[in-house]
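Quick note: numbering that gives the first Met the number 0 has the sequence shown finishing at residue 259, numbered continuously throughout. Ideal Cβ placement from N, Cα and C applies to all residues, glycine included.
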Amino acid sequence: MVQKLMNVSEISVSGQPNFIIIGAQKCGTTSLYQYLIEHPQIVPGSQKEVHFFDLNFAKGLDWYRQQFKPLSQGLITGEASPYYIFHPLVAQRVYELFPQVKLIALLRNPVERAISHYYHEVRLGFEKLGLEDAIAQESARLKGETAKMVADETYYSYNHQHYTYLSRGIYVEQLKHWMQFFPKEQFLVLPSEKLYNQPNTTLNQVLEFLQLPSYQLTKYDKYNSGEYPAVTQEIRQQLQAYFQPYNQQLEEFLGGKFDW
Numbered sequence: 000m001v002q003k004l005m006n007v008s009e010i011s012v013s014g015q016p017n018f019i020i021i022g023a024q025k026c027g028t029t030s031l032y033q034y035l036i037e038h039p040q041i042v043p044g045s046q047k048e049v050h051f052f053d054l055n056f057a058k059g060l061d062w063y064r065q066q067f068k069p070l071s072q073g074l075i076t077g078e079a080s081p082y083y084i085f086h087p088l089v090a091q092r093v094y095e096l097f098p099q100v101k102l103i104a105l106l107r108n109p110v111e112r113a114i115s116h117y118y119h120e121v122r123l124g125f126e127k128l129g130l131e132d133a134i135a136q137e138s139a140r141l142k143g144e145t146a147k148m149v150a151d152e153t154y155y156s157y158n159h160q161h162y163t164y165l166s167r168g169i170y171v172e173q174l175k176h177w178m179q180f181f182p183k184e185q186f187l188v189l190p191s192e193k194l195y196n197q198p199n200t201t202l203n204q205v206l207e208f209l210q211l212p213s214y215q216l217t218k219y220d221k222y223n224s225g226e227y228p229a230v231t232q233e234i235r236q237q238l239q240a241y242f243q244p245y246n247q248q249l250e251e252f253l254g255g256k257f258d259w
């Protein structure tokens with residue numbers, strides 16, 4: 000399968016990503032991206048989150064290519080937009096434009112991810128409901144939104160982007176969708192907890208996937224990791240019960256353990 004993946008010397012001059020961190024949101028994508036661009040052979044894009052395939056697709060491919068510098072041989076570049084894994088149109092868009100790009104997904108315990116996501120939206124001023132009400136209202140808020148997005152690629156769903164505390168944590172469905180387009184060998188799927196607890200080991204696992212030499216980090220900052228208040232045990236147990244069957248399906252699908 001390696002021969003099917005990208006040839007760095009072929010694409011390094013054309014202004015396009017060699018890798019994309021597709022998600023998930025609140026799962027350590029900022030930290031991983033910052034660690035990666037410390038490597039001397041990885042050149043950052045114009046910004047970490049380009050959001051071309053989800054929010055900026057109408058700007059066109061030339062605009063996207065301009066987000067990446069032309070590179071000399073041996074260097075690679077990429078981006079990290081964590082809405083990609085969840086947006087219903089992104090997988091096909093990426094495949095049609097860059098079918099050989101390498102894809103990286105960080106997956107965090109979905110209970111912790113949901114809580115972190117909720118308080119992230121509260122901090123930004125997008126969420127006014129309490130946590131329990133926001134979870135209870137998610138289904139109603141999302142009703143029909145995905146279908147509208149699929150039917151009309153110009154349709155923007157505010158609710159789908161912001162109020163998906165439960166839905167974004169059903170990782171198995173998102174990965175199955177992506178793997179309808181890309182082979183499993185083109186993905187590296189990692190637990191966020193491993194990145195948090197073993198940052199340099201995890202970084203070097205990613206570098207091996209990208210076929211780059213190993214690297215020793217100079218610092219282990221945790222980026223964009225805002226703290227949030229404690230939640231009740233009742234809400235936590237409710238979330239654990241909700242995600243448990245999906246977590247089991249994920250482990251069966253990927254053939255690995257996540258210990259959530």
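So what does Lys-101 bridge to, in DSSP terms?
Phe-18
Local conformation of Val-230 per DSSP, three classes:
coil
Taking the alpha-carbon positions, what's the Ala-240 to Leu-70 distance?
48 Å
CB of Pro-87 to nearest heavy atom of the ligand ZN: below 8 Å?
As for the ligand ZN, it is missing from this structure, which has no ligand bound.
DSSP-derived helix/strand/coil call for Met-5
Bear in mind that the predicted position of Met-5 carries a pLDDT of just 36, short of 50, making it unreliable; the figure below should be weighed with that in mind. It is coil, neither helix nor strand.
Exposed or buried, Asn-199, counting other C-beta atoms within 10 Å across all chains shown (16 or more means buried)?
exposed
So Ile-21 and Leu-102 are supposed to be a Cβ contact under 8 Å. How far apart are they, rounded?
6 Å
Would Arg-167 be called buried (16 or more neighbouring beta carbons within 10 Å of its own) or exposed?
buried
If Leu-106 and Pro-244 are in contact, beta carbons under 8 Å, what's the gap, nearest whole angstrom?
About 16 Å; that fails the 8 Å criterion.
Taking 8 Å as the threshold, find out whether the stretch 76-91 comes into contact with the stretch 171-182 through three or more Cβ pairs.
yes
Thr-76 lies in the beta strand (DSSP E); which residues open and close that run?
75-79
Taking the alpha-carbon positions, what's the Thr-231 to Gln-136 distance?
18 Å
Starting from Pro-109, trace the alpha helix (DSSP H) both ways and give me its first and last residue.
109-123
Quick check on Val-149: buried or exposed, where buried means 16 or more other Cβ atoms within 10 Å of its Cβ?
exposed
In three-state terms, what does DSSP make of Val-49?
coil
Throw me the rounded Cβ distance for the Ala-133 and Tyr-117 pair, which I believe falls under 8 Å.
6 Å
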